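Colleague: Numbering-wise (this note's numbering), the sequence shown opens with residue 169 and increments by one. Ideal placement from N, C-alpha and C gives every residue a C-beta, glycine not left out. Bear in mind that the values here come from a model prediction, so they are computed numbers and not experimental data.
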Amino acid sequence: MSEKKTSSGIPIKELYSQNDLSKNIDETLGKPGQFPFTRGVHETMYRGRLWTMRQYAGFGSAKESNERYRSLLEKGQTGLSVAFDLPTQMGYDSDHVMSTGEVGKVGVAISTIEDMEELFNEIPLDKVSTSMTINSTAGILLSLYIAVAKKRGIKRDQLSGTIQNDLLKEYIARGTYIYPPKASLRIITDIFDFCKREVPKWNTISISGYHIREAGSTAVQEVAFTLANAITYVQAAVNKGLSVDEFAPRLSFFFNVHNNFLEEVAKFRAARRMWANIMKTRFGAQNEKSLKLRFHSQTAGSTLTAQQPENNIVRISLQALASVFGGTQSLHTNSMDEALGLPTEKSATIALRTQQVIGFESGVSEVVDPWAGSYYIESLTDEIETRATDYINRIEDLGGVISCIESGWIQNEIQSSAYDFQKKLENNEAILVGVNKFKTQSDEKPDILKIDPKIETHQVERIKKFKASRDLKKVTSRLEAIRNCAESDGNLMECFISAVEEKTTLGEISDELRTVFGKHRETITV
Numbered sequence: 169m170s171e172k173k174t175s176s177g178i179p180i181k182e183l184y185s186q187n188d189l190s191k192n193i194d195e196t197l198g199k200p201g202q203f204p205f206t207r208g209v210h211e212t213m214y215r216g217r218l219w220t221m222r223q224y225a226g227f228g229s230a231k232e233s234n235e236r237y238r239s240l241l242e243k244g245q246t247g248l249s250v251a252f253d254l255p256t257q258m259g260y261d262s263d264h265v266m267s268t269g270e271v272g273k274v275g276v277a278i279s280t281i282e283d284m285e286e287l288f289n290e291i292p293l294d295k296v297s298t299s300m301t302i303n304s305t306a307g308i309l310l311s312l313y314i315a316v317a318k319k320r321g322i323k324r325d326q327l328s329g330t331i332q333n334d335l336l337k338e339y340i341a342r343g344t345y346i347y348p349p350k351a352s353l354r355i356i357t358d359i360f361d362f363c364k365r366e367v368p369k370w371n372t373i374s375i376s377g378y379h380i381r382e383a384g385s386t387a388v389q390e391v392a393f394t395l396a397n398a399i400t401y402v403q404a405a406v407n408k409g410l411s412v413d414e415f416a417p418r419l420s421f422f423f424n425v426h427n428n429f430l431e432e433v434a435k436f437r438a439a440r441r442m443w444a445n446i447m448k449t450r451f452g453a454q455n456e457k458s459l460k461l462r463f464h465s466q467t468a469g470s471t472l473t474a475q476q477p478e479n480n481i482v483r484i485s486l487q488a489l490a491s492v493f494g495g496t497q498s499l500h501t502n503s504m505d506e507a508l509g510l511p512t513e514k515s516a517t518i519a520l521r522t523q524q525v526i527g528f529e530s531g532v533s534e535v536v537d538p539w540a541g542s543y544y545i546e547s548l549t550d551e552i553e554t555r556a557t558d559y560i561n562r563i564e565d566l567g568g569v570i571s572c573i574e575s576g577w578i579q580n581e582i583q584s585s586a587y588d589f590q591k592k593l594e595n596n597e598a599i600l601v602g603v604n605k606f607k608t609q610s611d612e613k614p615d616i617l618k619i620d621p622k623i624e625t626h627q628v629e630r631i632k633k634f635k636a637s638r639d640l641k642k643v644t645s646r647l648e649a650i651r652n653c654a655e656s657d658g659n660l661m662e663c664f665i666s667a668v669e670e671k672t673t674l675g676e677i678s679d680e681l682r683t684v685f686g687k688h689r690e691t692i693t694v
């Protein structure tokens, strides 16, 4: 019989006992809500409050997306999660030539304060937590959100939510970067500094392993590269003069949840313990909140199949359950049809109901860390921690994350893992139900959400009308202020807010920053 291994290549024994534990379990476990937080960041976990149930949504126009958000909130969703289209992510207005054919396709198109007002129409911004999956233009989108709240009489310190704002993983795995790494780090730390003073309830970054995993990494690599990125952000903020306990409590993380159920449970426990020790020993954090790895999780889009899409409901359910057992603070469940297109309202509702069944019917929320003490889970947690720590040490030996990105080393590690898994699929060493085994033929075609091409035409006309209504002198003045601030060491956030309030667009602000910082060009490795 061939040796069994996890997706990270960790050998799996037939049976586990106490002798398989590499560490003293009493020392590494602790109690829930206490250092090193292996068992969870809260003492009572879901007995006190369930995780936030989010559904990542956004498509077409701000009006259509707003209707989907309000529908999901009415069905019991407890937090919003905004998907933006590619032009918005890349810093282009919908009327830019680079936006042609992409407006509203993979998310909602947002270029102006008018768009943002419509996106959150009739949604109480002081009562709903909003997560925005946005990186290169995160500061601008947050500024638009703050400006809309101000128009409604809502103070900055009443706003709660998260911006992803994680550029390092864009260079590693996703590609929606604009500026070079050092300029991106400057903008990110400006956001840290601004929010600790002005928007204290806001999570200023969601350090993402999700996209690293989607690009083909293993579970161990996901933990290692995510925490290595996090170390880089914390060090950059400290170098800027920020006290670690001033900003670290508002750091959050974003992880993937894959199919290897028990490895995923152990992965989250290992990541929490590693981060607590990193913050305590490396950065000398004193505030207990600085030591807690709080994370949002999302089921794995890369595991969804176009073949037999109903099978995806089962995959999503198992992944969601692993995330809950791992102690997530927030969860998005993918929809069964996402390998075919954007989710329909029906499939998005099923995805939300999946979380609700787990939360309210399964009974798993009644016990804090039910897997604690399992010989296999504890052994696997220890092994993931050891292997991920080895990776972090190798990155530091090679000069740190930015050096490893610039040389392509991290990208190569992920590509090698993705290639190895693809070979296993092709050789039937790994089974994907309905794809390389248990295949059936069906003429049935599921409903697919289609974006009306007229949306782009309408959005372009809307922006032109918006630009024609402005005081150009004020716009020019605000852009000059942004350029001067970018060329100095001032904080860019107040400049962004003033600019969007005077009807400066997302694309215009991004272009001004492109002029100062330049554009990043990827290192091609083979």
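Excluding sequence positions up to five away, which residues of its chain have a Cβ less than 6 Å from the Cβ of Lys642?
Modeller: Excluding positions up to five away in sequence, the list reads Glu670.
Colleague: Between Glu431 and Gln389, what straight-line distance do the alpha-carbon atoms span, to the nearest angstrom?
Modeller: Their Cα atoms are separated by approximately 13 Å.
Colleague: Please report the residue range of the beta strand (DSSP E) in which Met300 lies.
Modeller: 298-301
Colleague: Which word fits Gln590, buried or exposed, when buried means at least 16 other C-beta atoms lie within 10 angstroms of its C-beta?
Modeller: Gln590 comes out exposed.
Colleague: Hey, how far is the Cα of Ser176 from the Cα of Met213?
Modeller: 28 Å
Colleague: Taking the alpha carbon of Gln326 as the reference point, which residue from Lys318, Asn333, Gln332 has its own alpha carbon closest?
Modeller: That would be Lys318, whose Cα lies nearest to the Cα of Gln326.
Colleague: How is the beta strand (DSSP E) around Met221 delimited, first residue to last?
Modeller: 220-225
Colleague: Please classify Gly675: does DSSP put it in a helix, a strand, or coil?
Modeller: helix
Colleague: Closest by CA to Ser697, which one among Thr549, Arg222, Gln186, Ser584?
Modeller: Absent from the structure is residue 697, since the part of the chain shown begins at 169 and ends at 694.
Colleague: Among Lys607, Ile380, Glu551, which has the Cα closest to the Cα of Gln476?
Modeller: Lys607
Colleague: Determine which residues share a DSSP beta bridge with Ser420 and list them.
Modeller: Ser374
Colleague: In the DSSP assignment, what are the bridge partners of Glu179?
Modeller: Checking the displayed sequence, the identity of residue 179 turns out to be Pro instead of Glu. Paired residue(s): Lys173.
Colleague: How is the beta strand (DSSP E) around His464 delimited, first residue to last?
Modeller: For His464, the enclosing beta strand (DSSP E) stretches over residues 463-467.
Colleague: Taking the alpha-carbon of Gly343 as reference, which of Ile380, Leu499, Thr372, Asp505 has the nearest alpha-carbon?
Modeller: Ile380
Colleague: To the nearest angstrom, report how far apart Ile623 and Glu232 are at their CA atoms.
Modeller: The straight-line gap from Cα to Cα measures roughly 10 Å.
Colleague: What whole-angstrom Cβ distance do Asn427 and Gln487 have, given they're in contact under 8 Å?
Modeller: 7 Å
Colleague: Find out if the Cβ-Cβ distance for the pair Met661, Gly244 is shorter than 9 Å.
Modeller: no
Colleague: What does the alpha-carbon distance come out to for the pair Ser385 and Thr196?
Modeller: 26 Å
Colleague: For Lys605, which of helix, strand or coil comes out of DSSP?
Modeller: Strand, per DSSP.
Colleague: For Leu395, which of Phe423, Ile322, Ser542, Asn371 has the nearest alpha-carbon?
Modeller: Minimum Cα-Cα distance from Leu395 among the listed residues Phe423, Ile322, Ser542, Asn371 corresponds to Phe423.
Colleague: Within this structure, are the beta carbons of Leu309 and Ile346 separated by less than 9 Å?
Modeller: no
Colleague: Name the one or two DSSP bridge partners that Leu499 has.
Modeller: Met221, Ser465
Colleague: Would you list the residues sitting across from Gly247 in a DSSP beta bridge?
Modeller: Arg222
Colleague: Would you call Thr268 buried or exposed, if buried means 16 or more other Cβ atoms sit within 10 Å of its Cβ?
Modeller: exposed
Colleague: Is the beta carbon of Val271 sitting closer than 9 Å to the one on Ser262?
Modeller: yes
Colleague: Could you give the first and the last residue of the continuous beta strand (DSSP E) run that contains Ile331?
Modeller: Where Ile331 is concerned, the enclosing beta strand (DSSP E) stretches over 329-331.
Colleague: Relative to the alpha-carbon of Val536, which residue among Gln524, Thr256, Val492 has its alpha-carbon at the smallest distance?
Modeller: Val492
Colleague: Is the separation between the beta-carbon of Glu597 and that of Ile178 shorter than 9 Å?
Modeller: Contact flag unset, no.
Colleague: Tell me whether the beta-carbon of Ser420 lies closer than 9 Å to the beta-carbon of Gln497.
Modeller: yes
Colleague: With a Cβ-Cβ cutoff of 9 Å, do Val276 and Gly228 count as a contact?
Modeller: It is a contact, given that the beta carbons lie within the stated cut-off.
Colleague: Label Ser170 either buried or exposed according to how many other C-beta atoms from any shown protein chain fall within 10 Å of its C-beta, with 16 as the threshold for buried.
Modeller: exposed
Colleague: In the DSSP assignment, what residue or residues form a beta bridge with Phe362?
Modeller: Bridge partners of Phe362: none, in fact.
Colleague: Tell me the rounded alpha-carbon separation between Ser458 and Ile446.
Modeller: 10 Å
Colleague: When DSSP builds the beta bridges, which residues end up paired with Leu459?
Modeller: Answer by DSSP bridge pairing: none, since Leu459 is not bridged.
Colleague: Alpha carbon to alpha carbon, what distance is there between Arg450 and Gln202?
Modeller: 19 Å
Colleague: Within a Cβ cutoff of 7 Å, which residues of the same chain sit near Val684, ignoring the five residues on either side of it in sequence?
Modeller: Arg651, Ala654, Glu655
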